[in-house]
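Going down the list, the protein sequences come from chains R and A.
Here the first sequence is numbered in this note's numbering, starting from 5 and rising by one per residue.
Here the second sequence is numbered in this note's numbering, starting from 3 and rising by one per residue.
We put the beta carbon where it would ideally sit given N, CA and C, even for glycine.
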Amino acid sequence: MHEFSIAEHLLGQVRGHLPPGGRLRGLSLRAGAAQAIDPEALALAWRALTEDQPERGSVLALERLPWRHACAGCGGAWTSDEALDACGACGLPSRPRGDFELTLLSMEVETDDPG
Amino acid sequence: MTQVEVIEAVLGGNDEVAAQLRERFDAAGVRTLDIIGSPGSGKTALLEATLPALPSALRVGVLVGDLATRRDADRIARVASQVVQINTAGGCHLEAHHVEKGLAALDLAALDLLVIENVGNLICPVGWDLGQHAKVGVFSVAEGDDKPGKHPPLVLAADALVLTKSDLLPYVPFDRAFFEQDIRQMNPSVPILEVSALKGDLAPWLTWLEAFVAG
Ligand SMILES: Nc1nc2c(ncn2[C@@H]2O[C@H](COP(=O)(O)OP(=O)(O)OP(=O)(O)O)[C@@H](O)[C@H]2O)c(=O)[nH]1
Ligand SMILES: [Mg+2]
Ligand SMILES: [Zn+2]
Ligand SMILES: [Zn+2]
């Protein structure tokens, strides 16, 4: 549900970066594993929030980073969608690493400028 | 179509307000806690039992976040010198601007400890900085032993985890070792403080809290 609040923060942020006369067509985001974001819920919140706004129809792309694991036993390293995971080689439970990052990476902007 | 590179934190606005709040808390010498747990986990009951058990010289204020009503504030008002209810009108977590607004009704100079009871929710509040000095996660025996494993962000972000309603351990299936094992896999060092607000069994939590207030 906090996806709606995130979408609101995002809209303010996007407007701050939009060049004059530009229309937003897309935006791309990256979320760390610990930032528990549901990509579909965020896309839905974005659509609902921009429905009657100039940003209507803009497409939100979210890349969710996986949890990073490193085995304390054999040194093996892997990534996983699961925070609680075990080493495939020696079976040891592994401590997950992931951060709370949520970053607006870029925006696709359409301008009326003929060139 | 032009591609505009941004690379900027989406919650940067919240983080800025939170940083200002932290400066205000530090300037006033107020230690601040953000308490996060699911609805009904026992956050308010924990505060009701804790505040009277603290040294009487310690001046404690409470900000209570809820979707609606001021019931929790009314409960806490019986034991705290200063209480402010913040209603989020449907919002599932507190943000730094809520706390900033709540502070308008508090006298920070007359406090040593400020406790923020976040909106009952195990997921949404975790990623929002409120300017606190520590985050405390509350789990209860009644919710089941699998909750930490299902909520990694809180377990990773918490400076302490409280397991409350320990008086219910004889009556409900709850594997204490399993509960602890999931937590330890994610966060090997976080203190796990077992309490019962109902019985007033609060010793490990009070010890942690007094050390926290001392800085
Ligand atoms: N047995 C037992 N029940 C408890 C304990 N602490 C709280 N409760 C009960 O749990 C229920 C919820 O307690 P609250 O303190 O209102 O929980 P909360 O986390 O503040 O709830 P919200 O603010 O609505 O999210 C109440 O019926 C309490 O009486 C405890 O230590 N033992
Ligand atoms: Mg409460
Ligand atoms: Zn939510
Ligand atoms: Zn291994």
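Taking its Cβ as the centre, do 16 or more other Cβ atoms sit within 10 Å of residue i, making it buried, or is it exposed?
| i | result |
| --- | --- |
| residue 174 (chain A) | exposed |
| residue 104 (chain A) | buried |
| residue 10 (chain R) | buried |
| residue 9 (chain A) | exposed |
Within 8 angstroms: the Cβ of residue i and any heavy atom of ligand 2?
| i | result |
| --- | --- |
| residue 81 (chain A) | no |
| residue 68 (chain A) | yes |
| residue 74 (chain A) | yes |
| residue 122 (chain A) | yes |
| residue 46 (chain A) | yes |
Note down, in chain order, every chain A residue with its Cβ under 8 angstroms from the Cβ of residue i.
| i | result |
| --- | --- |
| residue 115 (chain R) | 4 |
| residue 99 (chain R) | 187, 188 and 190 |
Could you check what DSSP says for residue i in three-state terms: helix, strand or coil?
| i | result |
| --- | --- |
| residue 6 (chain A) | strand |
| residue 115 (chain R) | coil |
| residue 79 (chain A) | helix |
| residue 185 (chain A) | helix |
| residue 34 (chain A) | strand |
| residue 54 (chain R) | helix |
| residue 59 (chain R) | coil |
| residue 207 (chain A) | helix |
| residue 10 (chain R) | helix |
What does DSSP give as the partner residue(s) for residue i in the beta ladder?
| i | result |
| --- | --- |
| residue 162 (chain A) | A:138 |
| residue 101 (chain A) | Beta-bridge pairing links residue 101 (chain A) to no other residue. |
| residue 98 (chain R) | R:89 |
Please tell me whether, using a cut-off of 8 angstroms, the distance from the CB of residue i to the nearest non-hydrogen atom of ligand 4 is below it.
| i | result |
| --- | --- |
| residue 96 (chain R) | yes |
| residue 59 (chain A) | no |
| residue 94 (chain A) | no |
Going along chain R in order, which residues have a C-beta closer than 8 angstroms to the C-beta of residue i?
| i | result |
| --- | --- |
| residue 7 (chain A) | 109 and 110 |
Taking residue i as the query, report the chain A residues whose CB atoms sit under 7 angstroms from its CB, ordered along the chain.
| i | result |
| --- | --- |
| residue 21 (chain R) | 6 and 8 |
Looking at ligand 1, does it come within less than 8 angstroms of residue i, judged from the CB to the closest heavy atom?
| i | result |
| --- | --- |
| residue 166 (chain A) | yes |
| residue 140 (chain A) | yes |
| residue 136 (chain A) | no |
For ligand 3, is there a heavy atom less than 8 angstroms away from the beta-carbon of residue i?
| i | result |
| --- | --- |
| residue 67 (chain R) | no |
| residue 119 (chain A) | no |
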